[in-house]
Amino acid sequence: MAPPMIGVENLAKSFGAVRALDGVSLSVAPGEVVCVIGPSGSGKSTLLRCINFLEEPTEGVVRVGGRRVGFVETGAQVRRMGGRELAGLRADIGMVFQLFYLWPHLTALENVMLGLTEVRGLSTRAAADRAKTLMHKVGLADKMAAFPEHLSGGQRQRVAIARALAMEPKVMLFDEPTSALDPELVGEVLQVMEQVARDGMTMMVATHEMGFARRVADRVIFMDHGRIVESGPPDEIFDRPREERTQRFLDKILS
Amino acid sequence: MNIDFSTALPYIPILIKAAGFTILLTLTSQFFGTVLGFFLALGRTSRPGWLRGAVWFYVWVFRGTPMLLHLFFIYYAAPSFGLTLDAIPAAIIAMSLSSCAYNCEIIRSGLQAVHHGQVEAARAVGMSYPRIIRRIVLPQAVRIVIPPYMSNFITHTKNSSLASVVTVPEIMLTAQTIANSTYRVIEILTLAGLLYLFLTSCLTWLQLWMERRTTYERRGLTARRRRQLGLEAA
Ligand SMILES: Nc1ncnc2c1ncn2[C@@H]1O[C@H](COP(=O)(O)OP(=O)(O)OP(=O)(O)O)[C@@H](O)[C@H]1O
Ligand SMILES: [Mg+2]
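Quick mapping for you: the protein sequence lines, in order, are chains A and D. Quick note on our numbering: the first sequence kicks off at 1 and runs consecutively. Quick note on our numbering: the second sequence kicks off at 1 and runs consecutively.
Dropping the structure here:
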């Protein structure tokens with residue numbers, strides 16, 4: 001078996017007295033698509049944010065592409081990564097946020113380019129060319145010169161996906177990418193994500209879109225109170241959950 | 001009361017020279033005050049508590065005491081600590097210290113107005129802190145900060161008249177001296193007022209220009225930028 005693309009061992013994260021993650025272990029194979037579901041406050045966002053070290057874990061080890069996240073291991077010694085090392089690591093981990101977080105002072109194309117010029121060191125022209133390819137890919141070829149405030153939510157999220165993909169990351173993390181969208185705009189974003197999955201990207205997606213999870217996920221993880229309650233192929237989780245808590249959650253969300 | 005500008009007019013060149021000192025004091029101290037204020041604002045919004053605390057303390061002291069006192073302190077009290085300064089450097093230092101405290105707070109308000117999520121998005125693509133400040137935070141903060149910053153700049157320009165107390169021959173001190181020797185108080189003060197009004201009008205105009213330059217969304221990309229990006233004209 002290939003070594004996992006994402007490896008999480010015994011991950012815990014506390015915010016003061018709140019135990020947002022309480023001993024989470026999982027591994028994601030290259031090209032695998034994992035959907036994370038669970039009630040609000042169950043720790044989905046925290047899990048994703050620990051994977052690219054936007055949140056520093058209280059305990060546990062995270063590896064992406066075999067590399068320890070946030071720390072450098074030399075023999076028996078472990079030290080915290082410096083700002084530059086962390087930045088280099090994050091460049092290989094794409095992240096898409098619920099609220100898009102496009103940079104409003106830049107056009108859509110420039111949003112997609114910025115990481116390429118600032119982090120990957122591409123020239124303006126080369127970055128623009130790659131960014132254009134991605135804008136085509138997410139179906140926004142006609143919106144390259146538009147500023148975010150002139151885009152719909154669905155278009156903004158597609159730009160955000162293009163921005164993350166432009167870095168050619170090893171994995172993509174999606175934190176409820178469609179939760180802030182009007183229902184009629186959800187489809188266009190999910191479609192792009194499906195395409196990304198078909199292209200072989202390793203993905204972790206926190207989502208409430210059960211239809212998407214069923215269609216696209218290789219595996220679904222149900223979380224509650226900072227723990228993984230159960231995980232398995234989508235039809236197993238959705239049709240024959242072993243845990244009562246999973247069943248109750250699904251009843252509530254599908255009703 | 002008779003108003004007669006004919007005795008006052010010959011003093012115009014002297015007043016203009018005095019305005020030169022006003023400009024020198026204001027621009028240099030505003031320059032230092034802005035650069036230092038920017039770094040203080042970064043410190044004030046940084047993680048380490050001691051740094052935030054130190055900056056807070058600085059602002060507390062220098063915004064909470066009159067600039068007149070800073071001027072006196074640096075010019076008259078500093079020699080007892082073995083530091084003797086000429087009037088102009090002393091005034092520039094005192095005015096910079098004061099300007100810096102206000103600009104720190106103004107710039108901080110701009111930095112903090114940029115949503116934290118945007119900074120996270122930049123960290124997530126692997127941008128380093130200095131690049132995030134330069135490419136994401138500053139361009140947006142500048143626009144937010146222009147009105148309060150320029151307001152403070154104008155106040156600072158007028159406050160440079162306080163430097164008269166440490167013998168810098170700026171507009172107010174010069175006007176007073178001329179008025180005392182010519183007894184043309186009204187005329188000389190009017191001229192001084194017009195000079196201040198001219199200086200602050202330049203700043204008002206500068207503000208308009210800066211505000212117009214930073215409304216990119218409405219105007220879209222410049223032709224030059226479009227060429228760089230290889231986009232056809234809209
Ligand atoms: N920065 C923070 N400071 C304090 N508490 C936090 C912070 N971030 C998350 N938490 C807490 O950690 C727990 C897990 O939150 P998390 O955001 O990971 O849940 P979630 O599953 O993503 O929920 P949602 O579906 O609402 O997005 C919650 O109790 C939350 O209040
Ligand atoms: Mg969440």
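From the three backbone atoms N, C-alpha and C, an ideal C-beta is built for every residue, glycine too.
What residue from the options has the CA that sits closest to residue i's CA?
i                      : options                       : result
residue 214 of chain D : D/142, D/28, D/119 and D/41   : D/142
residue 106 of chain A : D/82, D/90 and D/138          : D/138
residue 207 of chain A : A/102, A/47 and A/13          : A/47
residue 226 of chain D : A/146, A/244 and A/164        : A/146
residue 134 of chain D : D/81, D/42 and D/49           : D/42
residue 119 of chain D : A/169, A/172, A/251 and A/104 : A/104
residue 65 of chain A  : A/94, A/175 and A/151         : A/94
residue 121 of chain D : A/244, A/250, A/251 and A/54  : A/54
residue 158 of chain A : A/143, A/168 and A/72         : A/143
residue 116 of chain D : D/68, D/46 and D/69           : D/46
residue 275 of chain A : A/25, A/167 and A/148         : Residue coverage of chain A in this structure runs from 1 to 255, which leaves residue 275 of chain A outside it and unanswerable.
residue 18 of chain D  : D/188, D/106 and D/206        : D/188
residue 258 of chain A : A/108, A/178 and A/14         : This structure does not reach residue 258 of chain A, given that chain A is present from 1 up to 255, and the question cannot be answered.
residue 9 of chain D   : D/178, D/130 and D/72         : D/178
residue 29 of chain A  : A/5, A/15, A/42 and A/45      : A/5
residue 193 of chain D : D/149, D/184 and D/172        : D/172
residue 72 of chain A  : A/151, A/171 and A/89         : A/89
residue 153 of chain D : D/184, D/207, D/128 and D/185 : D/207
residue 172 of chain A : D/53, D/149 and D/124         : D/124
residue 196 of chain D : D/59, D/37, D/161 and D/70    : D/161
residue 36 of chain D  : D/106, D/65 and D/131         : D/106
residue 15 of chain A  : A/137, A/50 and A/92          : A/50
Give me the chain D residues within the contact set of residue i, using Cβ-Cβ distance strictly less than 8 Å, ordered along the chain.
i                      : result
residue 109 of chain A : 229 and 231
residue 286 of chain A : Nothing in the structure corresponds to residue 286 of chain A, since chain A is present only between 1 and 255.
residue 83 of chain A  : 128 and 129
Name the chain D residues whose beta carbon is nearer than 7 Å to that of residue i?
i                      : result
residue 87 of chain A  : 126, 127 and 128
residue 114 of chain A : 135
residue 147 of chain A : 217
residue 54 of chain A  : 120, 123 and 124
residue 95 of chain A  : 124
In chain A, which residues lie less than 9 Å from residue i when you measure between Cβ atoms?
i                      : result
residue 118 of chain D : 101, 102, 103 and 104
residue 140 of chain D : 103, 104 and 105
Buried or exposed: where does residue i fall if 16 or more other Cβ atoms within 10 Å of its Cβ makes it buried?
i                      : result
residue 18 of chain A  : exposed
residue 147 of chain D : exposed
residue 201 of chain D : exposed
residue 110 of chain A : buried
residue 77 of chain D  : exposed
residue 37 of chain A  : buried
residue 61 of chain D  : exposed
residue 149 of chain A : exposed
residue 77 of chain A  : exposed
residue 6 of chain D   : exposed
residue 239 of chain A : exposed
residue 103 of chain D : buried
residue 126 of chain D : buried
residue 183 of chain A : exposed
residue 255 of chain A : exposed
residue 25 of chain A  : exposed
Going along chain A in order, which residues have a C-beta closer than 7 Å to the C-beta of residue i?
i                      : result
residue 220 of chain D : 145
*Is there contact between the stretch 189-207 of chain A and the stretch 24-38 of chain A, where contact requires at least three CB pairs shorter than 8 Å?*
yes
*chain A contacts made by the stretch 123-136 of chain D, where a contact means CB separation under 7 Å*: 123, 124, 125, 126, 127, 128, 129, 131, 135 and 136
*Would you list, in chain order, the members of the stretch 117-131 of chain A that have their beta-carbon closer than 8 Å to a beta-carbon of chain D?*
118, 119, 124, 125, 128 and 129
*Compile a chain-ordered list of the residues in the stretch 160-190 of chain A whose CB is closer than 8 Å to at least one CB of chain D.*
160, 163, 164 and 167
*Per the contact definition of three or more C-beta pairs closer than 8 Å, is the stretch 75-92 of chain D in contact with the stretch 162-170 of chain D?*
yes
*the stretch 28-47 of chain D in contact with the stretch 96-113 of chain D per 3-pair CB rule at 8 Å*: yes
*asked:* Any residue with its Cβ nearer than 7 Å to a heavy atom of ligand 4 should be included. What is that list in chain order?
replied: No copy of ligand 4 occurs in the structure displayed; its ligands are ligand 1 and ligand 2 alone.
_With a threshold of 8 Å, are at least 3 pairs of Cβ atoms found where one atom belongs to the stretch 103-123 of chain D and the other to the stretch 40-54 of chain D?_
yes
*asked:* Across the stretch 213-224 of chain A and the stretch 237-245 of chain A, are there enough close Cβ pairs to call them in contact, namely three or more that are closer than 8 Å?
replied: yes
_Contact the stretch 189-206 of chain D vs the stretch 150-160 of chain D: 3+ CB pairs below 8 Å_ = yes
*Is the stretch 83-100 of chain A close to the stretch 122-130 of chain A, with three or more CB pairs under 8 Å?*
no
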